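Chemist: Chains as they are written, first to last, in the numbering used here: chain A, 1391 to 1793; chain B, 1391 to 1793.
Note that beta-carbon positions come from the ideal geometry of N, C-alpha and C, so glycine has one too.
Quick caveat: nothing in here was measured; it's all calculated off a predicted structure.
Below you will find the structure I want to go over with you.
Following this line, the structure appears as structure tokens:
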């Protein structure tokens, strides 16, 4: 089997941890697998380099930052290669360039455009373990670029896709994806298998184990992703195509996002294009609007409620104040003590009653639902933040996710 | 004027020092010069990375080490570029690869084979200050290589040669080249100008400001080298072609090498090829022999004295023991309390009496000369180590180097 194994910053945070990673890779090789390892910088290193740069400039050039930051992964990949060689394996380290990773020129947030796997294939064929510096590539001019947040995961998934690897294992400090946050619901279960789409909903809704960019790329390239811990040998969670999951449960997980805020616009004048004007103004200020509810008010006016992430609340408020002065909105009230609770499951596509059960569960607990939003595979509800843990626990029970 | 400025590890050892380097480069730019900067890793960084590697292996692969060690200079060059940009200059950082430096494939001790200056010329023409990561290049496969000890100096000299720069300034923690070690002779004077050949003699004889590899390359490429301090604004020492130095003093400096040891082989059988056998055995053990004196002994036997560096003494002794067992040498005695004092000056080529004055000076001080070796531009003498400071001071006076 050809496996890509990616180890993040905490997994390679000390020399002892790097040795532990080498031991794990070694075991995979001894089991007969071909292994390509992708590593991040040792935890803390990237932040240290950013601090260094800030000493000289508030706005360093992005190409300088890429030249600077890409050094952290070089160090880790070289050290892991040295460790593997010293254990008797044939290993070599590769930069993003040598691994054939070509990106856009958007320094510090480049997109992977293509991977030429020829060099990796050749070195694998010679019996090498390849250790690739994650988070980096080169643009068409041959300048080093970095991929931004979650970049090493992206490197791993893209490499797995280019090599047509059987598996891409993302090693992190958690055991896998859970039916909900175990700190909230102690009966939370690790999910064995989950579809890309469900994972995308769970991630964007607050389960921040994997970045959405990585899951989207895995879906596009049909890469079988496994999310597991580098600190123990527990099986992780397989994220794969829906078709690969034989028995699809109705609901796979309950997600909670606490960093939400609501804006209620009362007395919005009922002229054509007013909603468009409001949301265009928000978009131009880079405010990301999530759920929207419009209700008919009185006197030919409407009420408009929507949610944003909490750290964009004051910006959103500022953007909308001119509408009050222009007499197009009577009043704006805000509420930053709300939370979004979501029920996610591919199974609900083919089953009715999933949403009804969610609403019933909330009613049984006397939790008021402020807003509702649904998609094919999720039901999201806005509730007062003080009820969020209770809501998660009640839903977890109601869908029998502890079974 | 096009100037290459090289700053070593202590000159960029802290963020404050890097800012001081940026200030200095900035001044050169404001004076109207085009500037290419070559930097080493921050002092301590390279050793830290070597320690990391040793944690995993006693003999890490050289290509892994190059991938590892080359990261230090990348960090410094990026940071200096960021500092210069933030001061309003147009600056960019380049790896050895981007600077067009192609080397042999001898990882960790590669030789510069060629420099394609096209990219640097283009970026200079656009008004940029270029900050090159020293100590590194790429081999013909595009793999990163490093140049070994003194590598950043070599990078700077080679770049100056390729760009036909007017000057290559090597910034270090000393003010320049002195007539002798100021810690031994307080009247030592900084030398204003010195020829490549004299510098080579002074360097190999113990004045370790510049590595011989760099001086040799400067000589070959006719690069005007200036050795000066990054901690003050004093003029440094210009190392240049003999023809460029109008008034050539008889003697330019007194060098002292203390790390010397002598082996005396007594009763060496007088058969053809015996000397060749002895020195071939030493060469095969990588022992570097410096001065050699052969004297006729008695009974058709000879005595053979030679010097090696102190840290190779025991190896040399071991290599020669079989000759005693083979009855080809009667006895080997060693002496590691010797020193080599040398008088260096291009002027002595055209003047007689320089050596005689050296011997006379030793005699006046009652210092016994154990061995003598001369070249066109130097006279070296082995003396007991306890006399070494006295010898240096007396010679410095005798040749009036304090004037």
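For the stretch 1401-1412 of chain B, which residues have a CB atom closer than 8 Å to at least one CB atom of chain A, in sequence order?
Modeler: Answer in chain order: 1405, 1408, 1409, 1412.
Chemist: Grab the span of the alpha helix (DSSP H) containing residue 1462 of chain A for me, first residue to last.
Modeler: Where residue 1462 of chain A is concerned, the enclosing alpha helix (DSSP H) stretches over 1452-1476.
Chemist: For residue 1539 of chain A, report the span of its beta strand (DSSP E) as first-last.
Modeler: Where residue 1539 of chain A is concerned, there is no enclosing beta strand (DSSP E), given that its DSSP letter is neither H nor E.
Chemist: Is there at least one Cβ from chain B nearer than 7 Å to residue 1458 of chain A's Cβ?
Modeler: Yes, its Cβ sits closer than 7 Å to a Cβ of chain B.
Chemist: Quick check: what's the CA-CA separation for residue 1758 of chain A versus residue 1783 of chain A?
Modeler: Their backbone Cα atoms lie some 16 Å apart in a straight line.
Chemist: By the 10 Å Cβ neighbour count, where 16 or more other Cβ atoms means buried, how is residue 1647 of chain A classified, buried or exposed?
Modeler: Buried: at least 16 other Cβ atoms inside 10 Å.
Chemist: Within 10 angstroms of the Cβ of residue 1749 of chain B, are there 16 or more other Cβ atoms? Answer buried if so, exposed if not.
Modeler: The residue in question, residue 1749 of chain B, is exposed, as its Cβ has fewer than 16 Cβ neighbours within 10 Å.
Chemist: Which residues in chain B have a C-beta closer than 7 Å to the C-beta of residue 1468 of chain A? List them in chain order.
Modeler: Per Cβ cutoff of 7 Å: 1454, 1457, 1458.
Chemist: Within a Cβ cutoff of 6 Å, which residues of the same chain sit near residue 1762 of chain A, ignoring the five residues on either side of it in sequence?
Modeler: Only 1771 meet the Cβ criterion.
Chemist: In chain A, which residues lie less than 8 Å from residue 1473 of chain B when you measure between Cβ atoms?
Modeler: Simply 1446, 1447.
Chemist: Report the neighbours of residue 1415 of chain A on chain B: residues whose CB is nearer than 8 Å to its CB, in chain order.
Modeler: Within 8 Å Cβ-Cβ: nothing; residue 1415 of chain A doesn't reach chain B, min ~13 Å.
Chemist: Quick check on the DSSP output: what are the complete beta strand (DSSP E) runs of length 3 or more inside the stretch 1665-1700 of chain A, in order along the chain?
Modeler: Runs found: 1679-1686, 1691-1699.
Chemist: Establish whether the CB of residue 1515 of chain B and some CB of chain A are separated by less than 7 Å.
Modeler: Not one chain A Cβ lies under 7 Å of residue 1515 of chain B.
Chemist: Between the beta-carbon of residue 1510 of chain B and the beta-carbon of residue 1489 of chain B, is there less than 7 Å?
Modeler: It is a contact, given that the beta carbons lie within the stated cut-off.
Chemist: Residue 1403 of chain B to residue 1471 of chain B, Cα distance in whole Å?
Modeler: Each residue's Cα considered, the two are about 16 Å apart.
Chemist: Report yes or no: do three or more beta-carbon pairs, one from the stretch 1399-1419 of chain B and one from the stretch 1564-1581 of chain B, lie closer than 8 Å?
Modeler: In short, these stretches do not touch, since the Cβ pair count stays below three.
Chemist: Would DSSP call residue 1638 of chain A helix, strand or coil?
Modeler: It is coil, neither helix nor strand.
Chemist: Name the DSSP beta bridge partners of residue 1488 of chain A, please?
Modeler: None, per the DSSP bridge assignment.
Chemist: Which residues in chain A have a C-beta closer than 8 Å to the C-beta of residue 1537 of chain B? List them in chain order.
Modeler: Going along chain A, no residue has its Cβ under 8 Å from residue 1537 of chain B, so there is no contact; the nearest lies around 17 Å.
Chemist: Compute the distance between the beta-carbons of residue 1483 of chain A and residue 1457 of chain B, then report whether it is under 7 Å.
Modeler: Their beta carbons are under 7 Å apart, which means residue 1483 of chain A touches residue 1457 of chain B by this criterion.
Chemist: Just list the residues that DSSP pairs residue 1559 of chain A with in beta bridges.
Modeler: According to DSSP, residue 1559 of chain A bridges with A:1395, A:1616.
Chemist: If residue 1730 of chain A sits next to residue 1651 of chain A, beta carbons under 8 Å apart, how far is it from one beta carbon to the other, in whole angstroms?
Modeler: The pair is not a contact, with the Cβ atoms about 11 Å apart (cut-off 8 Å).
Chemist: Less than 7 Å between C-beta atoms, sequence neighbours within five positions excluded: which residues of the same chain meet that for residue 1725 of chain A?
Modeler: Here the set comprises 1651, 1652.
Chemist: Under a CB-based cut-off of 7 Å, is residue 1443 of chain A close to chain B?
Modeler: Yes, because at least one Cβ of chain B sits closer than 7 Å to the Cβ of residue 1443 of chain A.
Chemist: Taking DSSP as the reference, what is the three-state secondary structure of residue 1643 of chain A?
Modeler: Looking at residue 1643 of chain A - three-state DSSP - the assignment turns out to be strand.
Chemist: Pick helix, strand or coil for residue 1400 of chain B, following the three-state DSSP scheme.
Modeler: Three-state DSSP puts residue 1400 of chain B in a helix.
Chemist: Which partner residues of residue 1514 of chain B appear in the DSSP bridge assignment?
Modeler: According to DSSP, which records beta bridges pairwise, residue 1514 of chain B is partnered with nothing at all.
Chemist: In chain B, which residues lie with their C-beta within 7 Å of the C-beta of residue 1507 of chain A?
Modeler: Per Cβ cutoff of 7 Å: no residues; residue 1507 of chain A is ~17 Å from chain B at best.
Chemist: Does any C-beta atom of chain B lie closer than 7 Å to the C-beta of residue 1504 of chain A?
Modeler: No - not a single Cβ of chain B is within 7 Å of the one on residue 1504 of chain A.
Chemist: List the residues of chain A that residue 1797 of chain B touches, going by C-beta distances under 7 Å, in chain order.
Modeler: Since the first residue of chain B shown is 1391 and the last is 1793, residue 1797 of chain B is not available in this structure.
Chemist: Just the Cα atoms here: how many angstroms apart are residue 1481 of chain A and residue 1395 of chain A?
Modeler: Roughly 14 Å between the two C-alpha positions.
Chemist: Does residue 1483 of chain A have its Cβ less than 7 Å from a Cβ in chain B?
Modeler: So, interface residue.
Chemist: Report yes or no: do the stretch 1608-1623 of chain B and the stretch 1542-1557 of chain B share at least 3 C-beta pairs separated by less than 8 Å?
Modeler: They touch, by the three-pair rule.
Chemist: Hey, does residue 1451 of chain B have any beta-carbon neighbour from chain A nearer than 7 Å?
Modeler: Answer yes: the Cβ-Cβ gap between residue 1451 of chain B and chain A drops below 7 Å somewhere.
Chemist: If we ignore side chains and look at the alpha-carbon of each, how far apart do residue 1425 of chain B and residue 1476 of chain A end up?
Modeler: Taking the straight line from one Cα to the other gives about 43 Å.
Chemist: If residue 1562 of chain B and residue 1644 of chain B are in contact, beta carbons under 8 Å, what's the gap, nearest whole angstrom?
Modeler: Not confirmed; about 21 Å, so no contact.
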